[in-house]
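A.B. asks: Okay, handing you the structure first.
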């Protein structure tokens with residue numbers, strides 16, 4: 011049985027998956043949970059069943075034909091299937107995304123998104139409480155990071171990198187409160203006046219880049235990297251800090267010192283960490299899937315890792331395969347894949363396909379793929395069918 015806390019955690023992951031905002035770290039965590047726990051898989055099935063029922067009910071309410079509703083959850087779903095009959099395998103490395111299509115026409119424009127900010131890039135974040143994902147609209151409330159770093163893009167234009175462990179509270183589109191942790195704020199001219207408070211002092215920006223750190227075992231520090239900030243306290247006149255200056259609050263007094271930019275994570279460094287992490291994921295993916303090439307049961311293995319836009323052939327990576335098993339691209343085009351540097355093959359037209367031939371007859375076959383589905387144009391869609399009634403004619 012799944013306890014209430016675990017059930018709520020899984021449902022939060024399911025919802026993020028459905029909305030397309032699940033981070034790579036949380037996606038891997040969800041995959042592990044579904045692979046290891048039958049109760050978690052049952053909960054996922056019920057979640058999908060509920061989503062499908064709601065979609066069909068909504069279509070009926072709008073007097074839309076039932077055929078216009080795809081009987082699948084509107085979610086991103088990736089799953090590592092066990093070998094059902096390990097006779098052969100074909101791998102195409104994409105992401106599988108289900109989306110509802112043929113929505114009823116809207117009679118009024120959508121209301122603009124509400125909130126104070128948007129969660130931008132995240133790297134290695136472990137959240138305290140419900141996990142958040144890039145693209146989430148943030149309302150008034152506190153972000154609690156156990157570890158990692160996240161970019162918060164305020165509607166005022168201010169951009170704040172929050173390093174965990176941290177508690178960072180959003181008060182308005184141009185105001186925040188740092189309970190604990192470290193932030194690096196970039197405040198362009200349109201966001202001038204952006205303010206970050208704390209228990210002992212408040213930093214008001216005048217168009218600048220500054221760092222603010224509060225540790226449990228150390229005095230609060232404010233560092234100004236460019237421009238100027240104003241530090242205010244309840245019983246003391248405001249203090250202005252300019253480029254290269256910093257202060258530490260000790261014993262109720264502010265001690266001046268040089269600013270140390272290297273102590274605070276910049277947005278560029280956050281992006282570089284994200285790229286490094288993506289490259290590590292690619293390397294791990296290639297190492298994990300390379301085992302398929304060594305499997306004696308594998309006959310055809312397409313990776314789509316790299317692709318020349320002029321190349322119309324997909325090489326069968328199985329070492330002992332003959333040239334007759336290479337795939338021929340018909341209509342499809344090369345595009346970017348899941349991560350920077352990862353390639354993929356895109357199918358848009360009805361005639362787009364990869365044609366290939368297995369070198370030997372088979373009584374059973376296992377087809378394995380990772381794909382991303384951007385749209386489903388028909389009420390019924392299949393990934394596997396036959397080209398004709400002739401034996402051995404598979405269309406996948």
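In our numbering, the protein residues as written are 11 to 406. For every residue, glycine included, the Cβ atom is placed at its ideal position computed from N, Cα and C.
(1) What are the complete alpha helix (DSSP H) segments, minimum 4 residues, inside the region 259-338?
(2) Compute the beta-carbon to beta-carbon distance between residue 158 and residue 124, rounded to the nearest angstrom, for a pair I have assumed lies under 8 Å.
(3) Anyone know if the C-beta pair for residue 323 and residue 303 falls short of 8 Å?
(4) Please check the pair residue 359 and residue 347, which I expect to be a contact at CB under 8 Å, by giving their CB distance rounded to whole angstroms.
(5) Any idea which residues DSSP pairs residue 15 with across the strands?
(6) Return the first residue and the last residue of the alpha helix (DSSP H) that residue 36 is part of.
(7) Mapping the DSSP letters down to three states, classify residue 399 as helix, strand or coil.
(8) Rounded to whole angstroms, how far is the Cβ of residue 191 from the Cβ of residue 216, which I believe are closer than 8 Å?
(9) Bridge partners for residue 147 per DSSP, in chain order?
(10) For residue 142, which residues in the same chain have their Cβ closer than 7 Å to its Cβ, ignoring the five residues on either side in sequence?
(11) Starting from residue 225 and walking both ways along the beta strand (DSSP E), at which residues does that stretch end?
(12) For the beta strand (DSSP E) containing residue 141, name the first residue and the last one.
(13) Please determine if the region 290-308 and the region 269-281 are in contact, where contact requires at least 3 C-beta pairs separated by less than 8 Å.
(14) Which stretch, first to last residue, makes up the beta strand (DSSP E) that contains residue 194?
(15) Do the region 136-155 and the region 21-30 touch if we need at least three Cβ pairs shorter than 8 Å?
(16) Considering only the alpha carbon of each residue, which of 355, 344, 301 and 354 lies closest to residue 329?
(17) Would you please state the rounded distance, in angstroms, between the beta carbons of residue 249 and residue 264? I believe it to be under 8 Å.
(18) Looking only at its chain, what residues have a beta carbon closer than 6 Å to the beta carbon of residue 221, apart from the 5 residues adjacent to it on each side?
(19) Sorted by chain position, which residues of the same chain lie with C-beta nearer than 6 Å to residue 57's C-beta, five sequence neighbours on each side aside?
(20) Assign residue 352 to buried or exposed, taking buried as 16 or more other Cβ atoms, counted over all protein chains shown, within 10 Å of its Cβ.
(21) Quick check on residue 202: does DSSP put it in helix, strand or coil?
(22) Would you check if the distance between the CB atom of residue 60 and the CB atom of residue 40 is smaller than 8 Å?
(23) Does at least one heavy atom of the ligand ATP sit under 7 Å from the Cβ of residue 20?
(24) Hey, could you find the ends of the beta strand (DSSP E) residue 346 is sitting in?
(25) Relative to the C-alpha of residue 241, which residue among 266, 166 and 226 is closest?
(26) How far does the beta strand (DSSP E) with residue 215 in it extend, from its first residue to its last?
(27) Excluding the five sequence neighbours on either side, which residues of its own chain have a C-beta within less than 6 Å of the C-beta of residue 407, listed in chain order?
(28) Taking the Cβ atom as the reference point for each residue, do residue 230 and residue 208 lie within a distance shorter than 8 Å?
(29) Distance, Cα to Cα, residue 374 vs residue 308?
(30) Would residue 163 and residue 127 be called neighbours here (beta carbons separated by less than 8 Å)?
(31) Taking C-beta to C-beta, are residue 189 and residue 177 nearer than 8 Å?
(32) Tell me whether residue 109 sits in a helix, a strand or coil according to DSSP, three-state version.
(33) How big is the Cα-Cα spacing for residue 391 and residue 272?
(34) For residue 153, count the other beta carbons within 10 Å of its own beta carbon; 16 or more makes it buried, fewer makes it exposed. Which is it?
(35) If you run the structure through DSSP and keep just helix, strand and coil, what is residue 386?
(36) Just to confirm, is the Cβ distance from residue 31 to residue 151 under 8 Å?
C.D. replies: By the coordinates alone:
(1) 277-304
(2) Going by Cβ atoms, the distance from residue 158 to residue 124 rounds to 26 Å, so no, they are not a contact pair.
(3) no
(4) Not quite, the Cβ-Cβ distance comes to about 20 Å (not below 8 Å), so this is no contact.
(5) DSSP output for residue 15 lists no bridge partner at all.
(6) 34-46
(7) coil
(8) With a Cβ gap of about 23 Å, residue 191 and residue 216 do not count as contacting.
(9) 128
(10) 129
(11) 219-225
(12) Element bounds for residue 141: n/a, residue is neither H nor E.
(13) no
(14) 185-196
(15) yes
(16) 301
(17) 6 Å
(18) 194, 233 and 274
(19) 24
(20) buried
(21) coil
(22) no
(23) Ligands are entirely absent from the displayed structure, and the ligand ATP is therefore not among its contents.
(24) 343-346
(25) 266
(26) 212-215
(27) Since the displayed the chain opens at 11 and closes at 406, residue 407 lies outside it and no answer follows.
(28) yes
(29) 12 Å
(30) yes
(31) yes
(32) Confidence is the limiting factor: at residue 109 the pLDDT is only 31, short of 50, which leaves the residue's position unreliable, though a coordinate-based value still follows. Correct three-state label for residue 109: coil.
(33) 53 Å
(34) buried
(35) coil
(36) no
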